[in-house]
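Numbering (the numbering used here), first residue to last: 306 to 677.
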């Protein structure tokens with residue numbers, strides 16, 4: 306079975322062409338036969354075994370060692386961070402012994418700009434041989450394409466909330482639930498993918514502002530996964546995290562899960578207890594996954610005037626806040642600051658157009674508010 310993963314159905318044709326054309330694979334080293342590929346998407350509502358009759362969700366819990374090849378489409382939102390490293394490690398478990406994962410990689414500068422994978426990023430995490438001895442997990446293929454195989458040594462598990470869902474809930478439980486196309490589990494999966502989308506962008510913003518300096522971080526969210534994912538990132542230095550969410554059960558589960566995996570300090574507050582944030586004095590506060598983000602934005606402005614705020618959405622009060630904050634905009638598609646006159650390149654023509662129209666459209670955006 307050969308699978309190809311997409312963000313949504315509108316990207317399928319371009320994603321497949323990237324691998325089937327001669328542009329990237331002139332010697333047919335990893336080129337698939339189009340008729341053999343089974344497409345799966347992030348946003349599909351169908352949670353079932355991949356098949357040719359319908360487009361199903363990529364988060365179907367596969368059996369180990371069951372898939373021949375997995376192609377990561379250009380549109381598939383796989384950033385270079387702990388979440389994505391954990392996901393690639395998971396995919397290594399489900400391919401056969403002689404199977405492979407094929408994914409797009411970017412030149413170093415472009416990869417760093419967008420938070421995407423480059424060859425060196427992959428090799429730093431997944432190299433499994435000593436010198437030239439042994440079989441490696443990462444193989445160079447052709448321009449813009451690399452593959453991952455099962456190497457001499459299985460890669461180390463990074464800290465990530467994704468591992469919690471894979472380890473603690475267990476694939477067998479998921480399989481029995483999802484085979485019936487249970488839409489209740491779709492909500493969980495949507496939250497997992499929301500974390501994969503926003504965490505690298507938040508990490509990039511914090512990295513550009515604080516580098517490796519220690520940070521106190523707070524997140525206000527109906528989905529507490531995001532705060533934990535950012536907190537355990539290997540790319541930034543967060544030593545204290547305040548998770549503001551009414552999902553107390555999941556917060557406690559994550560605190561217990563990371564208690565012996567990570568040395569960070571985690572504190573849980575209900576959304577009605579935001580005033581207590583003044584005791585912890587966070588350097589940076591993210592307001593991402595809520596139905597009423599603008600209400601929390603005003604609240605944080607009032608109680609934490611010296612904190613940097615990362616806000617996602619649209620708000621009528623943003624303009625009035627510019628007297629107190631310097632405002633900049635980040636893409637919600639790739640981990641890149643959007644600046645006038647600057648073009649963001651992408652292998653996908655569709656996504657490149659979306660990114661470069663993002664700054665001027667009326668859709669929700671990621672705003673960084675830095676106190677003046």
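Using N, Cα and C, we set each Cβ at its ideal position, and we do this for glycine too.
For residue 633, the enclosing beta strand (DSSP E) covers residues 630 to 635. By the 16-neighbour rule on beta-carbons within 10 angstroms, residue 659 is buried.
Where residue 344 is concerned, the enclosing beta strand (DSSP E) starts and stops at 342 to 346. According to the DSSP assignment, residue 651 belongs to no beta strand (DSSP E), since it is labelled neither H nor E. Approximately 12 Å separates the beta-carbon atoms of residue 460 and residue 387; this is outside 8 Å, ruling out the contact. The C-beta of residue 554 has fewer than 16 other C-beta atoms within 10 Å across all chains shown, which makes the residue exposed. Approximately 6 Å separates the beta-carbon atoms of residue 500 and residue 466; this is inside 8 Å, confirming the contact. Three or more beta-carbon pairs drawn from the region 361 to 370 and the region 392 to 409 are found closer than 8 Å, and the two stretches are therefore classed as touching. Selection 646, 639 and 677 evaluated against residue 380 yields 639 as nearest (Cα-Cα). Proximity of the region 561 to 581 to the region 526 to 540 meets the contact definition, three or more beta-carbon pairs being nearer than 8 Å.
A Cβ-Cβ contact shorter than 8 Å links residue 307 with residue 337. No Cβ-Cβ contact shorter than 8 Å links residue 652 with residue 392.
Taken through DSSP and simplified to helix, strand or coil, residue 570 comes out as strand.
Boundaries of the beta strand (DSSP E) around residue 614: 613 to 618.
When DSSP assignments are scanned along the region 531 to 580, the uninterrupted stretches of alpha helix (DSSP H) that are 4 or more residues long and fall wholly within it turn out to be 553 to 563. If you check the CB distance, residue 521 and residue 585 come in under 8 Å. Residue pairing for residue 307: DSSP places it in a beta bridge opposite 342 and 374.
Collapsing the DSSP output to three states places residue 675 in a strand. The beta carbon of residue 342 is closer than 8 Å to those of 307, 308, 309, 321 and 376 in its chain, skipping five residues each way along the sequence.
Distance between residue 355 and residue 407, taken at the CA atoms: about 18 Å. Per the DSSP secondary-structure output, residue 522 pairs in a beta bridge with 546 and 589. Looking at the DSSP output, residue 444 sits in a beta bridge with 452. For residue 517, the CB contacts under 8 Å within the same chain, skipping 5 residues up- and downstream, are 541 and 542 in chain order.
Bridge pairing for residue 642: 635 [DSSP]. Non-local beta-carbon contacts of residue 608 in its own chain, meaning distances under 8 Å to residues more than five positions away in sequence, involve 579, 580, 582 and 583 in chain order. For residue 400, the enclosing beta strand (DSSP E) starts and ends at 400 to 409. Around the beta carbon of residue 538, 16 or more other beta carbons sit within 10 angstroms, so the residue counts as buried. Considering only 472, 424, 601 and 671, the residue with the shortest C-alpha distance to residue 563 is 472. Of the other Cβ atoms in all chains shown, fewer than 16 fall within 10 Å of the Cβ of residue 677; this residue is therefore exposed. By DSSP's assignment, residue 670 forms a beta bridge with 618.
Of all C-beta pairs linking the region 409 to 420 to the region 643 to 652, three or more are shorter than 8 Å, placing the two stretches in contact. Counting other Cβ atoms within 10 Å of its Cβ, residue 565 stays below 16 and is therefore classed as exposed.
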